[in-house]
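Order-wise, the sequence lines are chains Z and B. So the first sequence is numbered by the working numbering: it starts at 1 and just counts up by one. So the second sequence is numbered by the working numbering: it starts at 1 and just counts up by one. Even glycine gets a Cβ: it sits at the ideal position worked out from N, Cα and C. None of these values were measured; they are calculated from a predicted model.
There are 2 protein chains.
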Amino acid sequence: MVSTGRGTIKTPAFMPVGTLATVKSVAPWELEAVGSDIVLANTYHLMLRPGGELIKKAGGLHKWARWKKPILTDSGGYQVFSLGRISGGAKKMATVTEDGVEFYSHLDGSKHFLDAQKSIEIQEQLGADIIMAFDECPPGNAKGHYVAQAVERTHRWLKVSKRAWTNRKEQALFGIVQGGTIKDLREKSARFVEKEDLPGNAIGGVSVGESRARVWKAVEWSVPYLNPHKPRYLMGVGEPSDIVEAVKRGCDMFDCVLPTRLGRHGVVWVTGGGEGSKRIVFPCGKTIMYKRVALTQHRYRADKKVLDPQCSCPACREGFSRSYVGHLLRENEILGLRLTTLHNLYFLENIMKTLRNSIGKS
Amino acid sequence: MVSTGRGTIKTPAFMPVGTLATVKSVAPWELEAVGSDIVLANTYHLMLRPGGELIKKAGGLHKWARWKKPILTDSGGYQVFSLGRISGGAKKMATVTEDGVEFYSHLDGSKHFLDAQKSIEIQEQLGADIIMAFDECPPGNAKGHYVAQAVERTHRWLKVSKRAWTNRKEQALFGIVQGGTIKDLREKSARFVEKEDLPGNAIGGVSVGESRARVWKAVEWSVPYLNPHKPRYLMGVGEPSDIVEAVKRGCDMFDCVLPTRLGRHGVVWVTGGGEGSKRIVFPCGKTIMYKRVALTQHRYRADKKVLDPQCSCPACREGFSRSYVGHLLRENEILGLRLTTLHNLYFLENIMKTLRNSIGKS
Numbered sequence: 001m002v003s004t005g006r007g008t009i010k011t012p013a014f015m016p017v018g019t020l021a022t023v024k025s026v027a028p029w030e031l032e033a034v035g036s037d038i039v040l041a042n043t044y045h046l047m048l049r050p051g052g053e054l055i056k057k058a059g060g061l062h063k064w065a066r067w068k069k070p071i072l073t074d075s076g077g078y079q080v081f082s083l084g085r086i087s088g089g090a091k092k093m094a095t096v097t098e099d100g101v102e103f104y105s106h107l108d109g110s111k112h113f114l115d116a117q118k119s120i121e122i123q124e125q126l127g128a129d130i131i132m133a134f135d136e137c138p139p140g141n142a143k144g145h146y147v148a149q150a151v152e153r154t155h156r157w158l159k160v161s162k163r164a165w166t167n168r169k170e171q172a173l174f175g176i177v178q179g180g181t182i183k184d185l186r187e188k189s190a191r192f193v194e195k196e197d198l199p200g201n202a203i204g205g206v207s208v209g210e211s212r213a214r215v216w217k218a219v220e221w222s223v224p225y226l227n228p229h230k231p232r233y234l235m236g237v238g239e240p241s242d243i244v245e246a247v248k249r250g251c252d253m254f255d256c257v258l259p260t261r262l263g264r265h266g267v268v269w270v271t272g273g274g275e276g277s278k279r280i281v282f283p284c285g286k287t288i289m290y291k292r293v294a295l296t297q298h299r300y301r302a303d304k305k306v307l308d309p310q311c312s313c314p315a316c317r318e319g320f321s322r323s324y325v326g327h328l329l330r331e332n333e334i335l336g337l338r339l340t341t342l343h344n345l346y347f348l349e350n351i352m353k354t355l356r357n358s359i360g361k362s
Numbered sequence: 001m002v003s004t005g006r007g008t009i010k011t012p013a014f015m016p017v018g019t020l021a022t023v024k025s026v027a028p029w030e031l032e033a034v035g036s037d038i039v040l041a042n043t044y045h046l047m048l049r050p051g052g053e054l055i056k057k058a059g060g061l062h063k064w065a066r067w068k069k070p071i072l073t074d075s076g077g078y079q080v081f082s083l084g085r086i087s088g089g090a091k092k093m094a095t096v097t098e099d100g101v102e103f104y105s106h107l108d109g110s111k112h113f114l115d116a117q118k119s120i121e122i123q124e125q126l127g128a129d130i131i132m133a134f135d136e137c138p139p140g141n142a143k144g145h146y147v148a149q150a151v152e153r154t155h156r157w158l159k160v161s162k163r164a165w166t167n168r169k170e171q172a173l174f175g176i177v178q179g180g181t182i183k184d185l186r187e188k189s190a191r192f193v194e195k196e197d198l199p200g201n202a203i204g205g206v207s208v209g210e211s212r213a214r215v216w217k218a219v220e221w222s223v224p225y226l227n228p229h230k231p232r233y234l235m236g237v238g239e240p241s242d243i244v245e246a247v248k249r250g251c252d253m254f255d256c257v258l259p260t261r262l263g264r265h266g267v268v269w270v271t272g273g274g275e276g277s278k279r280i281v282f283p284c285g286k287t288i289m290y291k292r293v294a295l296t297q298h299r300y301r302a303d304k305k306v307l308d309p310q311c312s313c314p315a316c317r318e319g320f321s322r323s324y325v326g327h328l329l330r331e332n333e334i335l336g337l338r339l340t341t342l343h344n345l346y347f348l349e350n351i352m353k354t355l356r357n358s359i360g361k362s
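Okay, structure coming up:
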């Protein structure tokens, strides 16, 4: 459990991603009904449009977006690299200096600069309950010496982030462990971040293109050095089976666009075995199988079953059939992706509940 | 009030349009909360995809789309002309014969044929509570002799529709008055349709490009011949001030894409006077002013007011500001158009409630 001024977050917790201060297609009251205790919003996107100043004047993210429970904002570190890189084209890469990152907006190509000081300032304007230190997250295929440099910068920027962090009563700052899939770097980074003694710690730099086995190594090399009495947030992981594996390894907070993005693509998680299914073994030994179902496939055209007969999300509870939801998705009708998104968020929150029960943290 | 096997429809009634068996962006439970007693679905769209047969096998529209209250389906007559004409291009016009219409699908250009017999058969497969006779609706600029021919065909097709109408216990068939803006034709058509003594009557062929003054003429020439104890449905009218004017002239059912389409374009109806506002004078004398507000305009960027301070729709009640909703709309975030659509549907349903109170039919 994590306590904030806006209520407690039951852990292990999954945080739906609300990049632009809205979890795509979902209303705040629906998210409350899902049972989400906290959502994530992206500093990078909000600083570019509408800007931190406007949101501050509106009374902060909570008031502006009508969400009363906790919010976590990331630092923008991940996006200035990933989005700045893609949109800028070959000649317009984000440029890392020792102080920060010069990058090009994915919206209009305009040039911007972000560093730890500015990231924390914007996160203060946004007013989230948990804010993240500014870090550098190299891609999964980065060379060892680059990863080592990125770790050094991340550590230096953590110090700057901590100094820039002024609203300590209302905002908890989390540090981020980097180090790619290199054992020494992970251990070094975890020790460094832990020593800063912040309210929580995160493991970044996973799920960026490396193999699943390497993700678990990176986690296993980091976790032992991080205070077990503080939240350990594994960034960017959202596949249900991965979350369970990460919880077994000591992580207890997660965020990912997966449930909402899959939903918008017409894919739902469904309980049951068969082709392409995955197995989850909870810490208590309980086992379930689940798989992805792409509802626009022809075979579901006249399927009267609900999305997942074992589910009690609004879509399944109200009896919407695969046939009807598939029709809505084929026709690009918004209700279709609303229902699949809600279903996936419920499905994952249900996994989290089972996890909490499984480890006696309900 | 109109009674159906699935409940009563308070009149005057506005029917939100659910072309593809979903009112765009709105969930059935939200529509119930709006207070809508009935929705409309389009036979033309549903016959092309997914087809009447599939919906029949799914148990009909109500069961398939999870809507328990009444549904009205149109005949497809309007769309085979308007959509068949646009999509086909110059050489692929819809072709009217004395029996029906050959048209080209707006989806893939494939050739189809629809006549009164087939329209009613499909509407039986869909299983709506109110079904419409197959008619021809000429555009507002059609020549007089063409409108006269269309009236003749509409009358002949009404006879065929009536013969094809077999599920008379569960489905009420409405006839449609045509005749453009020609007095003699309107009177002739209204007399003819009334003589068929169907459960309800509609006035079609308005709001197809003619002036507002001509619309009222067409209504005034039709209404006196239609039984006042049966519903008189004015097709395709949805501007609040127009609905009030039509009710004063004896109409009591309406449908239009306007509230949902405006919503998707970021435009909301707001109570109040000023530039571009319209005046509504209810039958009881009560007067209100209202206007359209385009929320993506720069002037609302930091506007903390809710969409309409006098409204109690979910968007306004929950305190969503013009600033935040404008942001959502600019970013193409689905929650934005969900909130504007809901707001407009509430706004219009509120007008309908005031109308019902105003004429003592609450």
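Practice problem: Locate the beta strand (DSSP E) running through E269/Z, then write down its first and last residues. | Solution: Note that residue 269/Z corresponds to Trp in the displayed sequence, not to Glu. Unbroken beta strand (DSSP E) run through W269/Z: V267 to T271.
Self-check item: Residues near V270/B in its chain [Cβ-Cβ closer than 7 angstroms; skip 5 each side]
Solution: Y290, K291, V293, L307 and D308
Quiz prompt | Expected contact under 8 angstroms - CB spacing of W165/Z and I120/Z to nearest Å | solution = 6 angstroms
Quiz prompt | Length of the line joining the Cα atoms of V267/B and T340/B | solution = 7 angstroms
Quiz item: Would W64/B count as contacting chain C if we go by Cβ distances under 9 angstroms?
Solution: Reference to chain C is not applicable here, since the protein chains of this structure are Z and B.
Quiz prompt | Per DSSP, the bridge partner or partners of Y346/B | solution = Y346/B pairs with nothing; no bridge assigned.
Quiz item: Beta-carbon of P314/B versus every beta-carbon of chain Z: anything under 9 angstroms?
Solution: yes
Quiz prompt | Helix, strand or coil at G60/Z according to DSSP, with G and I counted as helix | solution = coil
Exercise. Give the interface partners of I351/Z over in chain B, defined as CB-CB distance under 8 angstroms, in chain order.
Key: The premise fails here: I351/Z is roughly 24 angstroms from chain B at the closest Cβ pair, so nothing lies under 8 angstroms.
Self-check item: Near the ligand SAH: E275/B beta-carbon under 8 angstroms from a heavy atom
Solution: Ligands in the displayed structure: none, and consequently the ligand SAH is not present.
Quiz item: Starting from P283/B and walking both ways along the beta strand (DSSP E), at which residues does that stretch end?
Solution: Note, P283/B: premise wrong, no beta strand (DSSP E); not H, not E.
Quiz item: For G89/B and chain Z, any beta-carbon pair shorter than 9 angstroms?
Solution: Residue placement at G89/B cannot be trusted, given a pLDDT of 47 that sits under 50; the coordinates are not used to answer.
Quiz item: Does the Cβ-Cβ distance between D135/B and L114/B come in under 9 angstroms?
Solution: no
Quiz item: Given A142/B, which residues of its chain have a CB within under 8 angstroms of its CB, disregarding the five upstream and five downstream residues?
Solution: A150 and G180
Practice problem: Could you please give me the residues that DSSP links to C256/B through a beta bridge? | Solution: P16/B
Quiz item: Between the C-alpha atoms of P283/Z and I359/Z, what's the straight-line distance to the nearest angstrom?
Solution: 7 angstroms
Quiz prompt | Opening and closing residue of the alpha helix (DSSP H) in which E333/Z lies | solution = Here E333/Z belongs to no alpha helix (DSSP H), and DSSP marks it neither H nor E.
Exercise. Could you spell out where the beta strand (DSSP E) holding E102/Z opens and where it closes?
Key: G100 to Y104
Quiz item: What's the C-alpha gap between W29/B and Y44/B?
Solution: 25 angstroms
Quiz item: Under three-state DSSP, which class holds K111/B?
Solution: K111/B falls in the strand class under three-state DSSP.
Self-check item: Sequence-distant residues of the same chain with beta carbon closer than 8 angstroms to G238/Z, five excluded per side
Solution: F14, F254, D255, C256, V257, L258, P259 and L348
Self-check item: Given D108/Z as reference, the closest of Q125/Z, L83/Z, L126/Z and K118/Z once Cα atoms are compared
Solution: L83/Z
Quiz item: Looking at the unbroken alpha helix (DSSP H) that takes in G144/B, where does it start and where does it end?
Solution: G144 to A164
Practice problem: Within the same chain, show all residues whose beta-carbon is closer than 6 angstroms to that of L303/Z, passing over the 5 residues directly before and after it, in chain order. | Solution: First, the amino acid is wrong: residue 303/Z is Asp here, not Leu. Excluding positions up to five away in sequence, the list reads R322 and S323.
Self-check item: Below-9 angstroms beta-carbon distance, P50/Z vs any chain B residue
Solution: Interface residue, yes.
Exercise. Can you grab the Cα-Cα spacing for the pair Y78/B / A27/Z, in whole Å?
Key: 35 angstroms
Self-check item: Spatially closest choice to N357/Z from K10/Z, R6/Z, G5/Z and T4/Z, by CA coordinates
Solution: K10/Z
Exercise. Could you spell out where the beta strand (DSSP E) holding F174/Z opens and where it closes?
Key: A172 to V177
Quiz item: Counting only beta-carbon atoms, is K69/B nearer than 9 angstroms to chain Z?
Solution: no
Practice problem: Please report the residue range of the alpha helix (DSSP H) in which L295/Z lies. | Solution: L295/Z -> no alpha helix (DSSP H), and no H or E assigned at all.
Quiz prompt | Beta-carbon contacts of A58/Z that lie in its chain and below 6 angstroms, excluding the five residues immediately before and after | solution = Non-local C-beta neighbours of A58/Z in its own chain, meaning closer than 6 angstroms and more than five positions away in sequence, comprise W64, ordered along the chain.
Practice problem: Pull out every residue of the region 10 to 42 of chain Z whose Cβ sits closer than 8 angstroms to any Cβ of chain B, in chain order. | Solution: L20, A21, T22, K24, S25, V26, A27, P28 and W29
Practice problem: Identify the contact partners of F320/B in chain Z, using a Cβ-Cβ distance below 8 angstroms as the criterion. | Solution: Near F320/B (Cβ distances below 8 angstroms), the residues of chain Z are R66.
Self-check item: Residue ranges of each alpha helix (DSSP H) within the region 216 to 265 of chain Z, 4 or longer
Solution: The region 216 to 265 of chain Z contains these whole alpha helix (DSSP H) runs: 240 to 248 and 258 to 264.
Quiz item: Straight-line CA distance for A90/Z to V101/Z?
Solution: Below a pLDDT of 50, predicted positions are generally treated as unreliable, and A90/Z, at 49, falls in that range; the measurement from the model is reported next regardless. One C-alpha to the other measures close to 17 angstroms.
Quiz item: Candidates L337/B, R330/B, L355/B and W216/B: which alpha carbon is nearest L48/Z's?
Solution: R330/B
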